[in-house]
Each structure stands twice: as C-alpha cells, then as structure tokens.
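To keep things clear, I will list the structure first and then write my remarks on it.
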Amino acid sequence: MAITTTTGDAAPRNATAPTPDHALGMPAHHKLIFVALVAFVAVGPFFIYPVFLMNVLCFALFASAFNLLLGFGGLLSFGHAAFFGMASYVSAHAAKVWGLTPELAILAGTAAACVLGVVFGALAIRRAGIYFAMVTLAFAQMVYFFSLQAPFTGGEDGIQAVPQGALFGVIHLSDPMALYALVAIIFLGGMALIYRIIHSPFGQVLKAIRDNEPRAVSLGYRVYQYKLTVFVLSATLTGLAGATKAIVFQLASLTDVRWEMSGEVVLMTILGGIGTIFGPMIGAAIVIGMQNYLAEFGAWVTVIQGVVFVICVLLFRKGIVGVIGSWARKPL
Amino acid sequence: MRLKRILTMAAAAGLLAGAAHAQTAVKIGVLNDRSGVYADLSGEGSVVAARMAAEDFGAEAKGITVEVVSADHQNKPDIGSNIARQWYDTENVDVIVDVPTSSVALAVNEITREKNKVFLNSGAASSDLTGKACSPNTIHWTYDTYALAQGTGGAMVAQGGDSWFFITADYAFGHALERDTTALVQAAGGQILGSVRHPFPGSDFSSFLLQAQASGAKVIGMANAGGDTINTVKQAAEFGITQGGQSLAALLLFITDVRSLGLATAQGLIMTEAFYWDINDQTREFSRRFAEKHGGAQPTMVQAGVYSSVLHYLKAVEATGGKDPAAVMAKMKEMPTDDPAFGQGTVREDGRKMHDMYLFRVKSPDQSKGEWDLYEQLAVIPAEQAFRPLADSECPLVKKG
Amino acid sequence: MFELLGIPPQALFGQLLLGLINGAFYAILSLGLAVIFGLLNIINFTHGAQYMMGAFVTWMLLHYFGIGYWWALLLAPLAVGVTGVLIQRFLLRPLHHLDHLYGLLLTFGLALIITGLFRNYFGVSGLPYQAPALLSGGNNLGFMYLPNSRAWVIVASLVVCFGTWFMIERTRLGAYLRAATENPTLVQAFGINVPLLITLTYGFGVALAAFAGVLAAPIYSVNPNMGSDLIIVVFAVVVIGGMGSILGAILTGFGLGVIEGLTKVFYPEASATIIFIIMALVLLVKPAGLFGRTA
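See the structure below:
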C-alpha cells in the first residue's frame with residue numbers, strides 16, 4: 000500500500016468544489032505565492048545571513064523533490080540521502096579534480112544522481128509500500144559504506160576545498176551575491192519544474208496511481224513506468240540540490256549520505272505538509288533554522304526532531320501548509 | 000548560530016585599570032566536540048584551558064580584552080566549517096583553537112585560509128595540516144600521526160617488538176596511521192607480517208583479532224581510533240590475545256580512553272602522548288591548577304595544547320601590538336614558546352609546533368596509586384626526532400634547497 | 000593482506016563460529032521485527048533503540064541495583080517490553096486505521112527520541128559491563144579460543160528463536176494471534192480480546208529486541224548508538240528473508256551472519272556491505288524474499 004494523502008488527512012482532496020488544475024494556467028493563489036517567493040528570495044540576503052539562506056534553499060529544493068515522490072507518487076523512500084550525497088560528491092570531485100566550471104560540475108552531480116535513481120528505482124519499485132521504504136534505506140546504507148571507503152570521496156574527510164570557480168567561466172562565485180543569485184535561480188527553477196510536473200497530464204496519472212492503483216492499472220496505465228519515472232525525477236532534482244550544496248559550502252562529506260539525512264528530509268516534508276506544493280520548503284526552513292539556532296544544544300537536536308516527528312505523525316499529519324490549505328480551502 | 004558566551008573580560012575592568020594604550024579586543028573561538036566521543040578529551044576542558052591561559056597571561060593588565068566563545072562541531076566537517084565561517088563572517092572571531100577530528104580540522108584550515116584569520120589546532124591528528132594542506136594561517140600544536148607512529152612504532156621495535164600485524168580501520172585515517180607506522184617500523188628494522196582492514200566504524204573485532212593471533216606477530220598494531228580501539232582492546236582481552244604473549248600497540252589513544260577502558264583491561268598498552276600531568280613539577284603544578292577549575296579532572300594533552308597555543312598567541316598579539324594575522328603568525332614562529340605544560344619549544348615555518356613526545360605504558364591496577372595515576376613513562380622522544388623533518392615535508396611554505 | 004587462498008581449515012571454523020554468533024543477533028532481532036510486522040503489519044523502526052535499551056537496562060540493573068546478569072535476562076526484556084506495550088497502546092493504536100507507513104514514521108521518530116535521550120544522558124563512549132562469573136573465561140576448542148559469553152549467545156538465541164517459533168506456529172495462543180491478523184473482527188466476535196492481543200504481541204517483539212540487548216551487553220560496549228546502525232542491517236536481513244515467515248527470519252538471520260563472517264575472512268572491506276549486496280541480488284531474482292509469502 001502506498002502512503003496516501005487521501006485518508007482525509009491532507010489538503011489536496013479537501014477542497015470543497017474540486018478545483019481543477021486549469022489548462023488556462025496557474026490558479027491565482029498559486030501565482031501570488033510564487034511572486035511572494037521570488038520577492039522573498041530576492042530580498043532575503045539583505046536581512047538574513049546569505050550562507051544560511053543558501054543552505055535553506057538547497058534543502059527546500061531537496062524536500063520538494065522528495066515530496067514529488069512521497070506526496071504525489073505515494074512512495075516513501077528512506078534512502079534519498081544516497082542521491083543527495085552522491086551528487087554532492089560527484090559535483091565536488093568534478094569541480095576540484097576535473098576542474099569543471101561550477102555549472103558543469105552541478106550538472107555532473109545531477110546526472111550522477113539520475114543514474115543512481117534509475118538503478119535503485121528499477122530494483123526498489125519491485126516492492127511496494129513498506130518494503131519499498133526498507134529497500135531504499137538499505138541501498139542508501141550501501142552508498143554510505145561505499146562513500147566511506149572509496150578513495151574519491153575522501154572518506155571521513157570528505158572532499159574539501161572545493162573551488163567555487165567562475166560560472167560559465169566569467170562570473171566569479173567567490174562573490175557571495177553572485178553565488179546566492181545562482182542558488183536562488185536553481186531553487187526557483189527547480190520549484191517551477193516541480194510545479195509543472197505536478198500540474199501536467201503525467202502528474203494527473205501519478206495522482207491517480209497514488210489514490211487507487213488497481214483502478215489505474217485497469218484503466219491501462221503502465222504503473223511501473225510511471226512510478227519509475229517519478230522516482231528518477233525525484234532523485235535527479237534531489238541530486239541538483241546536493242550538487243549545488245557542494246559548491247556553496249565547498250565541501251562534500253559523509254553527513255550527506257547518512258541515513259539520518261534521509262530521515263531529516265522526511266521530517267521536513269511531513270512538517271511542511273505531504274502532498275502540498277509549498278509545504279516542504281517551509282518544513283525545510285524550519286528544520287534548518289532549528290538546527291542553526293539550537294546548535295548550542297547540539298545533542299538535543301536529535302531528540303527535538305524526534306519529538307516533532309512524533310507530534311506531526313500523531314496530531315498534525317497535514318503539516319503546516321496542509322493545515323493552512325484546509326483553512327483556506329485551497330490546495331497549496 | 001548562537002554561541003555560548005563563556006567569558007567576557009569586561010572592557011570596563013580594563014578601562015578602570017587605566018590602560019595607557021588602546022584596548023585590543025581579542026575573540027577566541029574554542030571549536031570542539033562537546034557531546035560526542037571527544038567531549039572528555041577536549042570539550043569544556045579546552046574552554047577552561049583557554050580562559051586559564053588568558054588569566055595567566057595577565058591580559059587585563061596589558062590592555063587586551065579576551066573573549067572566549069565556544070561551539071560543538073559534533074565531529075562533522077560540514078557543521079564545523081559552517082560554524083567557523085559564521086564566526087569569521089558575523090561574529091568577529093579572530094582565532095579558532097582546538098578542533099579535534101582531522102576532517103573538521105582540515106575544513107576549518109581551509110576556511111581560515113580563505114578568510115585570513117588564525118587557526119591554532121590542538122586536537123587533530125592529521126599530519127597533512129603541516130604537509131599538503133599547510134597554511135600560513137595555521138599552526139598545528141600538540142601532536143600528529145607522524146609523531147605517534149614515531150613514538151609507538153619506532154619505540155616498540157626498540158623494545159623487541161619487531162614483527163607486526165595491523166588491524167586497520169578501513170578509512171583514510173586508518174590507512175594513514177598504518178602507512179606511517181609501517182614505514183617507521185621497517186626503518187627501525189622490524190617486519191610487517193600482515194594486516195587486515197575492518198569496516199569503519201566496527202563493533203565486532205573478534206574475527207580480525209583471530210587473524211592477528213594466527214599470524215604470530217609480536218605486536219598487534221591497532222590502526223584505528225576512539226571507539227574502535229576501545230572495542231578492539233576489550234575484545235582482545237576477552238579472547239585472551241595478550242595472554243598468548245602478543246602485545247597490543249595503540250596508535251591513537253588518549254588518557255580519556257584509558258580511563259574508560261579501566262586499568263584492568265588496558266594495562267600494558269603502549270602509546271605515545273605529548274603531555275601527561277605527572278611528567279615534571281611544572282606539569283604537576285599546571286595540572287593541579289587546571290583540575291581545580293575543571294572538577295578535579297587532569298588536563299588531557301589536547302587541553303594542555305589549547306592552553307599553550309592561546310598563551311603564545313596572546314604573547315604575539317602583545318608583541319606586535321595588534322591582531323593582524325600575518326604579523327601575529329610571523330611573531331609566533333619567531334618567538335620561542337615557553338609554558339608550564341610543554342616547557343620550551345618552537346614553531347616551525349610549516350606551522351608545526353615542536354616539543355618532546357613521550358612513550359607511555361599503561362600501569363597495571365596494582366602499580367597505580369591514584370585515580371589519575373595511569374601511565375608509566377618509558378621514553379622521551381626529542382622534538383627533532385618526533386616530528387616529520389622539514390626535508391621530507393610536502394608543505395609549499397617550506398623553502399627547499 | 001593476509002594470504003587468503005589455502006586458509007587453514009581451523010581458522011575457517013573459527014570464523015564460521017564467530018559468524019554464527021553474529022547471526023544469532025541478526026536472528027533474534029529479525030525475529031522480533033518479523034513477529035511485529037507479520038502479525039501486526041507495523042514496521043518497528045524503534046527496534047534498534049529497544050535493543051539498545053535492553054543492554055542499558057542490564058547495565059543499570061547491575062550498577063544501580065546490583066542485580067546481576069541472570070536476573071537481567073528476565074527483567075530487562077520485561078521492563079523494555081512494558082515500554083513497548085505503552086508505546087503500542089497510546090501511540091501506535093491511534094494510527095492503526097491509517098496507512099502503515101505512518102507507523103513506520105512514528106517509530107522512526109521514537110527511535111530518534113530514545114537514542115538522543117540516552118546519548119545525552121550517558122554520553123557516546125561505551126559503558127563497560129562485566130560478564131558474570133559463569134560466562135567469563137572460555138574454552139580452547141582447538142581451532143580457536145571461544146569465550147563463554149559468546150558460546151552462551153548461540154545457545155540462548157537458538158532456544159529463544161525455536162521457542163518463539165513453536166509458540167506461534169504450534170500453540171493455541173499462536174493460532175489466535177495468526178487468526179487475529181487475518182481477520183480481527185471475526186476473531187473478536189469469538190470473544191478474544193484482539194486489541195489486547197495485539198498490544199501484548201508488540202510488547203513481546205520489543206522484549207525480543209531487549210533480550211538481544213542483554214546478550215550483547217557483556218560482549219559489545221554498551222553505548223547509545225549500538226542499535227541505530229544494526230537496525231538497518233536487520234532490515235536488509237528481513238527483506239532478504241521475506242516478512243511472511245517466522246522460520247524464514249530465523250534461518251536468514253543465522254545464514255547471513257555466517258556469510259558475513261566468511262566475508263570478513265576473504266574480503267574484509269566488503270563485510271559491511273555484503274548483506275546489502277545480497278539483498279539487491281535477491282530482489283532481482285525473488286522480490287518476495289527467500290521465504291516470503293506476501294509479495
């Protein structure tokens with residue numbers, strides 16, 4: 000059984016009159032949100048420490064990509080850290096050892112995540128529901144051990160001193176504003192792509208499969224292929240986030256492939272709202288912010304994250320944006 | 000990221016003292032592990048050491064206000080580098096000290112170089128900090144893998160341990176330990192009978208210990224650290240390895256690990272450290288004062304290194320009259336060091352702090368007369384011998400020829 | 000590297016025996032998971048943390064109350080089992096009607112909380128636990144020296160595993176359990192208190208994990224992280240064995256322990272990943288797992 004958002008717990012199906020995704024364009028409230036988002040992203044670095052903001056943006060993209068698989072594909076993967084971390088390593092390696100310019104390095108990382116997504120997806124999607132989650136977790140652990148031992152990943156040290164280089168050979172990313180602009184563009188582009196995927200014929204079929212797989216099969220849809228495709232899309236966009244992060248922080252380390260990272264992205268998505276479009280990025284902002292501001296309580300962060308997890312699952316399954324969405328009676 | 004304000008020596012106090020020259024405000028960031036495997040080794044004790052150094056230096060009277068902040072890097076390079084970056088960018092930290100865990104140290108080394116600040120590393124082992132990754136902004140205090148291998152490896156061979164078998168943690172650090180020790184054992188005339196790599200981190204070493212036992216090597220070298228070493232030692236005791244006549248050599252072990260193992264299990268272990276509270280009168284006096292401020296715990300070599308490095312830094316700041324990193328670093332390399340923890344020493348051009356190292360053997364429970372009476376000193380390795388000679392250095396700062 | 004070809008048979012037997020011991024832990028833990036999942040359809044991510052709690056309770060019993068190992072074998076699983084019962088009753092039962100993945104997420108969150116709390120309170124370095132007198136020392140078997148504590152692990156786990164299998168597959172109580180999983184309403188109509196049965200079963204599965212923890216206390220260092228890395232390997236074991244069968248979980252656990260042990264001899268660098276590689280292969284060939292009935 001795939002994880003469903005249709006047991007009355009999540010926003011999308013709670014709309015009173017089903018708001019069709021108009022072929023004529025985005026619903027007005029979505030347009031508004033996008034505008035607000037762009038404005039915030041543009042103005043943010045002047046008020047908030049830019050490096051923190053870039054961190055949030057990378058993870059917001061990660062969580063949104065993950066939500067594509069979970070909220071809209073109905074598949075809970077516990078191994079997304081593999082894509083995030085491996086893309087991070089490849090991107091760092093490409094920039095440092097192969098000397099590629101940052102945009103090519105990021106592309107290389109994203110491509111690596113895509114390949115990994117195809118391989119893992121092909122094997123994992125043979126199982127469903129809980130087994131799927133466990134298989135993805137096990138695969139991610141394999142990637143972790145590989146990263147620990149393989150010389151190119153630098154093991155415990157990770158890949159350090161990754162050069163930020165010059166974008167397209169011209170724009171030097173050591174300028175924090177230029178770097179921020181790049182990250183912002185990647186984030187917004189990724190979000191736009193995710194939005195487009197969800198609101199497309201492909202996305203509609205996906206939601207159908209998530210809601211009632213046997214019926215989708217009986218209607219003739221090749222369910223396996225749809226699931227694999229969304230898995231790979233999710234993995235690729237996750238890779239994009241990871242690859243960008245490596246360039247921003249000039250470091251690719253084991254933290255990015257640990258299973259705790261997989262758990263964190265689940266937390267971000269649940270907190271923000273599974274199956275909502277804008278939820279995961281809010282969840283990401285909260286979790287990253289929490290880690291930042293509670294850093295002096297270092298050891299307690301795990302406990303706090305666990306508590307938030309438990310509360311969300313028990314009482315708050317719609318997540319923040321999901322709850323807002325049901326107040327407003329519009330899918331968010 | 001909010002940081003714990005441990006100490007603010009108020010500018011007011013300095014002003015009241017009627018300082019004749021302008022106040023220099025120095026902000027020291029103690030970045031280490033406060034909640035994980037190295038929390039006892041560094042942790043809060045390093046902050047105490049830094050504070051003690053500022054007091055002993057008499058910072059107030061000299062018109063230098065010293066503020067000490069601290070944070071927990073959780074042994075993760077990304078967290079460590081983010082803290083360092085934020086400290087330098089937004090909190091005006093001038094110098095970062097301590098930083099155990101080589102991966103984090105290397106990351107902080109890069110950030111410090113990029114932001115042109117000062118990094119005085121006291122906790123990490125990687126000899127790359129004065130080798131490939133050396134930087135004009137970094138001084139590597141206390142110890143490194145070369146010194147440990149030189150002490151434990153070289154000295155063991157001198158003691159008759161001339162055939163070795165390695166149990167190595169299968170990651171870069173373990174490989175480096177094995178490689179460095181192999182070179183030194185062979186140079187001293189010993190043989191390597193074999194080695195086995197265990198996944199890192201490991202929990203069950205029984206299989207590897209059996210292989211080591213079967214090899215018949217006189218010395219089983221543990222090229223791993225922290226929890227792995229502790230588990231290997233415990234399980235070796237369980238399987239009666241040492242009863243069979245083989246010795247265990249720990250290539251990276253700290254006094255805090257020995258305490259956690261307990262003398263009954265750890266007795267007879269050989270290891271090398273840079274500092275021990277009971278070496279001479281000065282170290283005893285220094286340790287006594289430290290213990291008073293730190294709940295009775297004797298200083299570890301890492302904490303002693305923090306004290307020594309902060310003291311030397313403050314002396315350099317006073318001598319140059321300011322905080323300019325290049326000037327202060329040059330001064331630190333020019334002035335000889337002198338403190339009760341390490342005695343007299345120097346800082347080399349590659350950023351390597353030079354002092355003697357000591358080979359210790361863990362006492363048996365009957366030999367020990369106190370809670371902290373843990374080591375028996377076997378040998379002193381003079382500074383010039385302990386650390387990698389400049390001629391072999393891969394550091395670009397070292398002028399060759 | 001050690002010369003691997005032509006490794007003397009005695010050394011091989013020694014490694015096999017060690018592998019069997021590791022396999023014993025995998026077997027008990029995957030048995031606990033299989034009981035909980037097979038009968039309740041809950042993935043218990045907290046299993047690793049409960050294993051860790053079992054070891055810690057054993058330690059605490061000795062250091063705070065002076066209660067020794069043999070009593071701990073009974074008391075620790077009981078204590079941790081009770082916490083399991085509370086978890087099921089108050090946290091998991093409300094989620095029963097939902098997709099079972101919420102149960103997984105809840106137990107994941109619980110695992111984070113428990114591990115974090117123990118880490119904060121006890122630190123990360125291991126706490127030493129002295130094996131009881133009867134188990135210290137060992138026997139020279141000729142091809143290796145086998146510490147008694149490890150020999151005991153094999154004996155104890157075989158007894159417990161076989162006992163559990165027998166109880167579930169061959170007794171009336173087990174029959175009720177299996178029936179309740181298939182058709183709870185009907186079984187309840189017969190007057191059997193199904194919710195209570197489910198709660199107690201969860202508690203039993205948790206107690207199994209804690210039992211493994213007690214066995215582990217004298218052998219591995221008792222530290223808060225001991226469960227978290229082990230649990231993922233156990234998940235892989237369970238996927239390989241297939242969740243449908245109790246016997247499958249036991250056999251797969253022991254079998255994989257032996258394979259891992261052999262890997263440590265012939266190619267130690269891969270010993271951490273071999274189980275995952277096998278999992279990938281099994282998925283390719285037999286997606287339901289080796290003994291799995293439900294695909």
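Residue numbers (numbering that gives the first Met the number 0), protein chains in the order written: chain A, 0 to 331; chain B, 0 to 400; chain C, 0 to 294. Every residue, glycine too, gets a C-beta built ideally from N, C-alpha and C. Small disclaimer: the values here were computed from a predicted structure and weren't measured.
For C/P146, the enclosing beta strand (DSSP E) starts and ends at 144-146. Under the 9 Å criterion on CB atoms, A/I285 is classed as non-interfacial with respect to chain C. Contact between B/S392 and B/D349 holds: CB atoms are separated by about 6 Å, below the 8 Å threshold. The region 48-58 of chain A and the region 218-229 of chain A do not touch, with fewer than 3 CB-CB distances between them shorter than 8 Å.
Listed in chain order, the positions of the region 85-111 of chain C with a beta carbon within less than 9 Å of a beta carbon of chain A are L90, P93, L94, H96, L97, D98, H99, L100, Y101, G102, L103, L104, L105, F107, G108, L109, A110, L111.
In the DSSP assignment, C/V233 falls within the unbroken alpha helix (DSSP H) covering 227-240. Look at the region 324-358 of chain B: it has no residue with a C-beta under 8 Å from a C-beta of chain C.
Secondary structure at A/T268: helix, using DSSP grouped into helix, strand and coil. The Cβ atoms of A/S63 and A/M280 lie closer than 9 Å to each other. Considering only A/S252, A/A191, A/F248, A/K95, the residue with the shortest C-alpha distance to A/F33 is A/A191. Beta-bridge partners of A/M176 (DSSP): none assigned. For C/E268, the chain A residues whose C-beta falls within less than 8 Å of its own C-beta are Q148, listed in chain order. Taking C-beta atoms as the reference points, C/W164 and C/L85 fail to come closer than 9 Å.
What A/L250 touches in chain B, judged by beta-carbon distance under 8 Å, is P76, D77, S80, A106, going in chain order. For A/L122, the C-beta contacts it makes with chain C under 8 Å involve A279, L282, L283, in order along the chain. The three-state secondary structure of B/S205, taken from DSSP, is helix. In this structure, C/A150 is the residue among C/V123, C/H96, C/A150 with its C-alpha nearest to the C-alpha of C/G136. Taking 3 residues as the minimum length, the beta strand (DSSP E) runs contained wholly in the region 66-143 of chain B are 94-97, 117-120, 137-139, in order along the chain.
Distance from the CA atom of B/S214 to the CA atom of A/L253, rounded to whole angstroms, is 34 Å. If you draw a straight line from the Cα of B/F238 to the Cα of B/S205, it comes to about 8 Å. Measuring C-alpha to C-alpha distances from B/Q302 to each of B/V46, B/A24, B/Q22, B/T23 identifies B/V46 as the nearest.
Cβ neighbours of B/W140 within its own chain (closer than 7 Å, five residues either side excluded): L119, N120, S121, G304, S307, S308, K352. The Cβ of C/P146 sits closer than 9 Å to at least one Cβ of chain B. Listed in chain order, the alpha helix (DSSP H) runs fully inside the region 272-335 of chain B are 280-292, 300-319, 324-333, counting runs of at least 4 residues. Judged by DSSP in its simplified three-state form, B/D169 adopts coil rather than helix or strand. DSSP places A/F308 in the uninterrupted alpha helix (DSSP H) bounded by 299-314. Neighbours of C/G53 in chain B, taken as residues whose beta carbon is under 9 Å from its own, are absent, since the nearest beta carbon is some 16 Å off.
Of all C-beta pairs linking the region 87-106 of chain B to the region 30-48 of chain B, three or more are shorter than 8 Å, placing the two stretches in contact.
Contact between the region 168-186 of chain C and the region 42-58 of chain C is not established, with fewer than three Cβ pairs separated by less than 8 Å. Selection C/L196, C/P146, C/V232 evaluated against C/I35 yields C/L196 as nearest (Cα-Cα).
Cα atoms of B/L268 and B/V92: separation of roughly 40 Å, rounded to the nearest angstrom. Scanning the region 176-206 of chain A for uninterrupted beta strand (DSSP E) segments of 3 residues or longer gives nothing; none is fully contained.
For A/V169, no CB of chain C lies under 9 Å from its own CB, so it is not counted at the interface with that chain. In terms of beta-carbon proximity, B/P198 lines the interface with chain C, with at least one pair separated by less than 9 Å. By alpha-carbon distance to A/Q163, the top candidate from A/A94, A/A81, A/R257, A/F45 is A/A94. Cβ-Cβ distances below 6 Å link A/V40 to A183 in the same chain, with the five nearest sequence neighbours on each side left out; the list follows chain order.
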